[in-house]
Amino acid sequence: MPQQVHRSATEREPRRFPLTVSPTLLGLIGSLCILVGSFGAGWIGDGLGLREWFPIAFLRSSPDLTRLCTMLLIVGGFLLLIAWLRFRSSVSDNDASLRRVIRTSIIWALPLLICVPVFSRDMFSYVAVGRLMAAGIDPYQHGVNEIAGWYSLGVDPFWSSTESPYGPLFIAVAAVFSWLGAQTPEYALFLNRLAATAGAVLMVVAFLKIAALRGRSRAFVAWMIAANPLTLLLFIASGHNDGLMLAGMGFGLLSALKGRRILAVVWIALAVAIKPIALIALPIVALVGRPSTLPLSDRVKSWALHGALAIGLVGALGLVLGLGFGWVTALTVPGAIQHWYSPLTLMVGTVRGLAELVGLDPFVFEVILKVIAFSIAGLVASWLVITKRPIDPVLRLVLCTAVIVAASTAIHPWYVMWILPFAAVAGPWRRGQEHLAVLATIFFTTVTLAEPTDSFFEGPYTRIVVASITVLFALSVLVWWWRANNVSGRAVVIAVPYGQVLVDRIVARRERRLQQRTESAL
262 MPQQVHRSAT EREPRRFPLT VSPTLLGLIG SLCILVGSFG AGWIGDGLGL
312 REWFPIAFLR SSPDLTRLCT MLLIVGGFLL LIAWLRFRSS VSDNDASLRR
362 VIRTSIIWAL PLLICVPVFS RDMFSYVAVG RLMAAGIDPY QHGVNEIAGW
412 YSLGVDPFWS STESPYGPLF IAVAAVFSWL GAQTPEYALF LNRLAATAGA
462 VLMVVAFLKI AALRGRSRAF VAWMIAANPL TLLLFIASGH NDGLMLAGMG
512 FGLLSALKGR RILAVVWIAL AVAIKPIALI ALPIVALVGR PSTLPLSDRV
562 KSWALHGALA IGLVGALGLV LGLGFGWVTA LTVPGAIQHW YSPLTLMVGT
612 VRGLAELVGL DPFVFEVILK VIAFSIAGLV ASWLVITKRP IDPVLRLVLC
662 TAVIVAASTA IHPWYVMWIL PFAAVAGPWR RGQEHLAVLA TIFFTTVTLA
712 EPTDSFFEGP YTRIVVASIT VLFALSVLVW WWRANNVSGR AVVIAVPYGQ
762 VLVDRIVARR ERRLQQRTES AL
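Sequence positions in the sequence shown follow the numbering used here and run 262 to 783.
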């Protein structure tokens, strides 16, 4: 009788297209789908001549073609995600693997360099803010609706009257790009994308150097941040400037690890001058290389010196550019919106509903709840900075950033990238921690792909239909990955901060109930 060969569940499944094509080719196909889809469904302002280019004009000439392009964007994004997940099995801790990951990341990124802006209209805001600055109008005092033609440029009307949330250095760079593209806004858009791509590249370089310095797997770090779909979709296809900020933070951390404290502060100051939220890293960087038992008085002195130098540099830059310290108020701008998946948004919605039910002003309770949430986040972050427990400084930064992000009603997908690069180099990862990072990537990639497009389907139920299709794709990918990797839900929960405590309490409660039932039966 022939010996029976046992195969895993994934081996017994029929070999479908995404599982038979090599990950490199599959990701390239995904990027090309996004490129073509962006021509018909990406964001383009009504006043841009790019709309008249034949491939774009043709793909926008009929509703059916624009619907097809919208689906290409979604399918392309999920092909990239599947390719990234499959590529993990070929990543090992050696230089050849590192080169393979970098080469593959470049192949996936190249088509996205020339796609129409998708999943976000922030690049149009960059151009408009640059025009505002070039016109001599303070972006920290006025919205982009102060300039003529802001709507035809493609700016999201929601942000048209909002003050700029960016630092003075980025506003100055945006002004130069807008000046160069004064007659042809497409040039300014492309320059902003090149800057965002350069930021992503510098971010990867910085964290690979940190990984080498700390003895972490550089190939794994490259897979986690360079080939990650969130990096490709958000920093290149969408052109967000967060890669530039993270590059400054990364090189600041690298300099601090090497003992070059002044250079570290300069890098952090440059990051703050891109996006002020980078201030989060300053007190942590000041502790790098210092013993965890350092007296609080010495810590305060270090923070004062680092803070004075960094804020002084950014302040001086703001004064030179005529912007002063308006960048400080920019920290509050993102809180103007709410995302359904934010824990604070869920609590705010519940409180608002209860207040309206009893006839009270819901706005007052919403403000109180936000103040409480930010206060708790501030206290936790302060404890993480002040505690003398032997916590790795990089891990302190990961936890501080995660706490502050979790306490906001606005959790944009790119906020995950404020955390993931630092987490990748914080320490050796357990299997559950890697699975947690993958779950976050799958979720926020899905959220990104569910964003409306410039040529969104017509009709009242279209967003529900497209969102449902996107969720079905996401669930399919999730189930496949979960089964293929034998993911343990318990290991994922334990990977969450204080997850082990939660699991222990659940187990102890079950044991008590079992014991009570046994005693009652006797």
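Quick reminder that beta carbons are idealized off the backbone N, C-alpha and C, glycines included. Predicted model only: the values in this text are computed from it and were never measured.
task = State whether the stretch 363 to 375 contacts the stretch 281 to 298, with contact taken as three or more CB pairs (one from each stretch) at a distance under 8 angstroms.
result = yes
ask   = When the Cα of L736 is compared with those of Q402, T706, P418, V754, which residue comes out closest?
value = For the residues Q402, T706, P418, V754, the minimum Cα distance to L736 belongs to T706.
query = Which same chain residues, not among the five before or five after F254, have their C-beta less than 8 angstroms away from its C-beta?
reply = Because the chain is modelled from 262 through 783, residue 254 falls outside the range shown and cannot be assessed.
inquiry  = According to DSSP, is G585 part of a helix, a strand, or is it coil?
reply    = Looking at G585 - three-state DSSP - the assignment turns out to be coil, as it is neither helix nor strand.
query = Quick one: Cα of G306 to Cα of Y412, how far?
reply = 7 angstroms
Cutoff 6 angstroms; reference M485; Cβ partners in own chain excluding five residues on either side = Cβ neighbours of M485 beyond the five flanking positions: A685.
key: Own chain partners of L574 with C-beta closer than 6 angstroms, once the 5 adjacent residues on each side are dropped   = A530
query = Which full runs of the alpha helix (DSSP H) of 4+ residues lie inside the stretch 293 to 354, going along the chain?
reply = 315 to 320, 324 to 348
ask   = Can you tell me whether DSSP reads T709 as helix, strand or coil?
value = helix
inquiry  = Does the structure place the stretch 387 to 406 close enough to the stretch 513 to 532 that three or more beta carbon pairs sit under 8 angstroms?
reply    = no
Rounded C-alpha distance that separates W742 from A547 = 40 angstroms
ask   = Based on Cα-Cα distance, which residue from I290, R321, S292, L293 lies nearest to W304?
value = That would be R321, whose Cα lies nearest to the Cα of W304.
query = Mind checking E695: buried by the 16 CB within 10 Å criterion, or exposed?
reply = buried
key: Pairwise C-alpha distance: S381 and P418   = Straight-line measurement puts the Cα of S381 at about 13 angstroms from the Cα of P418.
query = If you run the structure through DSSP and keep just helix, strand and coil, what is W690?
reply = coil
request  = Return helix, strand or coil for A395, following the three-state DSSP convention.
outcome  = helix
request  = With distances taken Cα to Cα, identify the nearest neighbour of L469 among A480, G460, A459.
outcome  = Restricting attention to A480, G460, A459, the CA atom closest to the CA of L469 is found in A480.
message = Please list the terminal residues of the continuous alpha helix (DSSP H) segment that includes E424.
response = Counting along the chain, E424 falls outside any alpha helix (DSSP H), and DSSP gives it neither H nor E.
query = What residue does the alpha helix (DSSP H) around N453 start on, and which one ends it?
reply = 446 to 474
query = Are there 16 or more other CB atoms within 10 angstroms of the CB of V299, so buried, or fewer, so exposed?
reply = Reading the sequence as shown, one finds Ser at residue 299 and not Val. The residue in question, S299, is buried, as its Cβ has 16 or more Cβ neighbours within 10 Å.
message = On a Cα-Cα basis, can you pick out the residue from G610, I637, F635 that is closest to F624?
response = The shortest C-alpha separation from F624 is found at G610.
task = Give a yes or no on whether the C-beta atoms belonging to V341 and G288 are separated by under 7 angstroms.
result = The residue asked about is misnamed: residue 341 is Leu in this sequence, not Val. Yes, these two residues count as a Cβ contact at 7 angstroms.
query = When you compare each of T779, V655, T606, T670 to L681 by their alpha carbons, which one comes out closest?
reply = V655
key: Environment of E772 [buried if 16+ CB atoms lie within 10 Å]   = exposed
key: Euclidean distance between Cα positions of S729 and I335   = 12 angstroms
inquiry  = Could you compute how far the alpha carbon of V612 sits from the alpha carbon of I637?
reply    = Looking at the two C-alpha atoms, the distance is approximately 18 angstroms.
inquiry  = Pairs of beta-carbons, one from the stretch 489 to 497 and one from the stretch 534 to 551, closer than 8 angstroms: are there three or more?
reply    = No: the two stretches stay apart, fewer than three of their Cβ pairs being nearer than 8 angstroms.
request  = Kindly indicate which three-state DSSP category D559 falls into: helix, strand or coil?
outcome  = helix
task = Thinking C376 and L296 are a contact (beta carbons under 8 angstroms), I'd like their distance in whole angstroms, please.
result = 5 angstroms
request  = Mark F734 as exposed unless 16 or more other C-beta atoms lie within 10 angstroms of its C-beta, in which case mark it buried.
outcome  = With a threshold of 16 other beta carbon atoms within 10 Å, F734 meets it and is buried.
key: Assigned secondary structure, V379 (DSSP; H/G/I helix, E/B strand, else coil)   = Assignment of V379 by DSSP, reduced to helix, strand and coil, places it in the coil class.
ask   = Any idea what DSSP makes of V748, helix, strand or coil?
value = coil
key: Backbone CA spacing between A433 and W314 [nearest angstrom]   = 30 angstroms
ask   = Contact check, W675 vs H403 under 8 angstroms by CB: the rounded distance?
value = So it is not a contact: roughly 25 angstroms between Cβ atoms.
message = Is it buried or exposed, W601, if we count other Cβ atoms within 10 angstroms and call 16 or more buried?
response = exposed
request  = Whole angstroms is fine: what's the gap from I598's alpha carbon to I665's?
outcome  = The alpha-carbon atoms of I598 and I665 are separated by roughly 16 angstroms.
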